[in-house]
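Engineer:
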Amino acid sequence: MYRYDKIKNELIEIESTNFSDQKIKEREHIEEWIRKSPQTLGEDLLIIGHEYDKFENNERLDLLAIDTDGNLVIIETKQDYTGSGVDFQVLKYCSYCSTLKPIDIIEIYEEYIKKFGLHGDAVDNILEFLDIDSRDILNNVLNKTQRIIIVGNEFDKRILSVSAWLHQNGIDIKCISIKPYLDSSKTDVLIDLNQLIPPKDIENYYIKKKIQRDKSQGDVFQPNDVIQFFENIVEAVKQQGHHAYYHPRKSYCTVKSGFKNISFTLIYQKSFSHFAFEVVTHDPEIKQKMFSVFEENKNTICSKINLEFNAEDGKRNPDWGRIIASQKLEKGQSIHNYTEGVNKKFIKTIEVFKELFKFNL
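The UniProt record's numbering applies: residue 1 is where the sequence shown begins, and numbers increase by one.
1) According to DSSP, is K260 part of a helix, a strand, or is it coil?
2) Mapping DSSP to helix, strand and coil, what is H243?
3) Let me know the secondary structure DSSP gives R3 once reduced to three states.
4) Which stretch, first to last residue, makes up the alpha helix (DSSP H) that contains D183?
5) DSSP three-state label for N194, please.
6) Within its chain, find whatever has a CB closer than 8 angstroms to the CB of G218; leave out the 5 residues flanking it on each side and keep chain order.
7) Identify which residue in I150, K289, I335 has its Cα closest to the Cα of Y93.
8) Less than 9 angstroms between the beta carbons of L41 and H50, yes or no?
9) Below 8 angstroms CB to CB, which residues in the same chain sit around W33 once its five sequence neighbours on both sides are set aside?
10) With a threshold of 16 other CB atoms inside 10 Å of the CB of G321, please say whether the residue is buried or exposed.
11) From what residue to what residue does the alpha helix (DSSP H) around K328 run?
12) Starting from N343 and walking both ways along the alpha helix (DSSP H), at which residues does that stretch end?
13) Answer yes if the segment 173 to 189 comes into contact with the segment 228 to 241, meaning at least three C-beta pairs across the two stretches below 8 angstroms, and no otherwise.
14) Name the DSSP bridge partner or partners of C94?
15) Which residue comes first and which comes last in the beta strand (DSSP E) that contains R147?
16) Which residue comes first and which comes last in the alpha helix (DSSP H) that contains L160?
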C-alpha cells in the first residue's frame with residue numbers, strides 16, 4: 001500500500017505490520033469491527049448472531065448473518081494466519097446451520113438483539129432488511145442455502161485452493177484478506193480489505209450464472225426491464241465511487257453512505273407508477289440528528305436535487321426514519337426512458353446528503 005505525497009508528487013510506501021504486534025485481537029477487535037460494520041465485507045449483511053455456541057457439540061461460530069436473499073452467511077475470522085483446517089471448520093458450521101428453521105433463526109437474532117441492547121423487533125428488522133411484507137413469505141425465504149466468508153490476514157495456499165474449487169462447484173464461499181498497515185506517525189493503524197476468492201470479475205460471472213440457475217428453479221425475480229434498469233443505475237453509481245448493491249429479486253438498489261447506520265435507496269414502485277429516493281436509518285439517535293439536519297437545510301436540499309423531500313418515521317418501526325422524495329412515471333412510458341434522469345437525481349441525492357452529513361453528523 002502507498003500514500004500519495006502531493007507536494008513531492010510521489011508515492012510513499014506504507015509500512016505493513018501484523019495484528020499481534022499491534023495487540024489487535026481476533027475476538028475483541030476484528031470480530032467487533034465486522035459485527036458493527038458488516039458492509040466492510042463488500043455487501044449488505046444483517047448480523048444476527050455473535051459467538052453462537054448452541055450446536056450439540058458446543059462449537060463456537062464467530063458471526064452469523066443474513067444476506068439480502070435471506071441466506072445464512074457464516075463468517076469466520078482469523079487474526080493472522082488461517083491455518084489449513086479452517087475450510088473444514090466452516091463447512092461443519094454450514095452443515096449445522098443448514099438445519100436451522102426460520103423460528104430458530106429468529107430466536108438467535110432475538111438473543112443477539114438482547115445481548116447488545118439493540119433496538120427493534122427481530123422479525124420486523126428482518127422483514128425490513130429483506131423488503132418483505134409478511135412473515136408467511138419470510139418462512140419461504142429464510143435459509144434456502146448457506147454461504148461462507150473467511151476473513152484473515154494471511155491465507156494458507158491450501159485454503160485458497162479448496163475455496164476456489166468449492167466456489168467453482170456451486171458452494172458460495174469468499175476469502176477476504178484483512179491487512180494492517182502503519183501510517184507515517186506509526187501511531188494509527190490502517191486496515192485494508194481485499195477479496196481474494198472469488199476475484200471480483202469472476203464473481204460477477206458466477207452471479208449471473210446463479211441468477212439463471214435460480215430462475216430455472218422457479219425463484220421469483222423482477223421483470224427483465226426492471227433488472228436492466230437497476231443494473232445500469234448501479235453501474236453508473238459505482239463509477240462515481242459509491243458502494244451500490246442490487247439483487248434481481250428486488251425492486252430497489254441500495255448505496256452505503258459511509259456514515260454509520262445510514263444508507264440511500266432508490267425504489268421502483270410499479271403499482272404507484274413512481275420512483276422513490278430515500279435516505280434511511282434504523283438508529284433512533286441518528287434518526288433525530290438526521291431529521292434535524294434535514295429540516296435546517298430542507299430548502300437548499302430540495303433546490304439542489306430538484307425533488308421535494310420530506311422526513312417520515314419508518315413504516316414498520318417508528319424508531320426508524322427516512323427522508324423521502326418521489327418522481328412520477330408518465331403513463332405508458334418505459335422505465336428505460338427514465339434511466340438517465342433518475343440516475344442523475346439519485347447520484348445528486350447521494351452527494352448532497354453526504355456533503356451535508358459530513359459536517360453535521
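Think of the CB as a built atom: it goes at the ideal place given N, C-alpha and C, for glycine as much as any other residue. Everything numeric in this text was worked out from a predicted model, so none of it was measured.
Structural biologist: Once the coordinates are examined:
1) Residue 260 sits at position 260 when you count from the first residue of the sequence shown. Coil at K260, not helix or strand.
2) Within the sequence shown, the letter at position 243 stands for residue 243. Three-state result, H243: coil.
3) For the purposes of this step, residue 3 is identified with residue 3 of the sequence shown, where counting begins at 1. Strand at R3.
4) For the purposes of this step, residue 183 is taken as the residue at position 183 of the sequence shown. Where D183 is concerned, there is no enclosing alpha helix (DSSP H), given that its DSSP letter is neither H nor E.
5) As a first step, residue 194 is located in the sequence shown; it is residue number 194 there, counting from the start. If DSSP states are grouped into helix, strand and coil, N194 belongs with the strands.
6) Indexing the sequence shown from 1 puts residue 218 at position 218. For G218, the pLDDT reaches just 48, beneath the cut-off of 50, and the residue's location in the model is therefore unreliable, leaving the point undetermined.
7) Along the sequence shown, read from residue 1 onward, the residue named residue 93 stands at position 93. Distance check between Y93 and each of I150, K289, I335 places I150 closest, using alpha-carbon atoms only.
8) For the purposes of this step, residue 41 is taken as the residue at position 41 of the sequence shown. For the purposes of this step, residue 50 is taken as the residue at position 50 of the sequence shown. The answer is no: Cβ separation not under 9 angstroms.
9) What you label residue 33 is simply residue 33 of the sequence shown in a count that begins at 1. Within the same chain, W33 has close Cβ partners T40, I191.
10) Here the question's residue 321 lines up with position 321 in the sequence shown. Flag for G321 reads buried.
11) Walking along the sequence shown from the start, residue 328 turns up at place 328. Run containing K328: none in the alpha helix (DSSP H); it sits in the beta strand (DSSP E), 321 to 328.
12) Within the sequence shown, numbered from 1, the residue matching residue 343 stands at position 343. Residues 339 to 360.
13) No: the two stretches stay apart, fewer than three of their Cβ pairs being nearer than 8 angstroms.
14) As a first step, residue 94 is located in the sequence shown; it is residue number 94 there, counting from the start. Note: C94 sits in no beta bridge, so no partner.
15) Indexing the sequence shown from 1 puts residue 147 at position 147. Here the beta strand (DSSP E) through R147 covers 146 to 152.
16) Sequence index remark: in the sequence shown, residue 160 carries index 160 (1-based). If you look at L160, you'll find it in the alpha helix (DSSP H) that goes 157 to 168.
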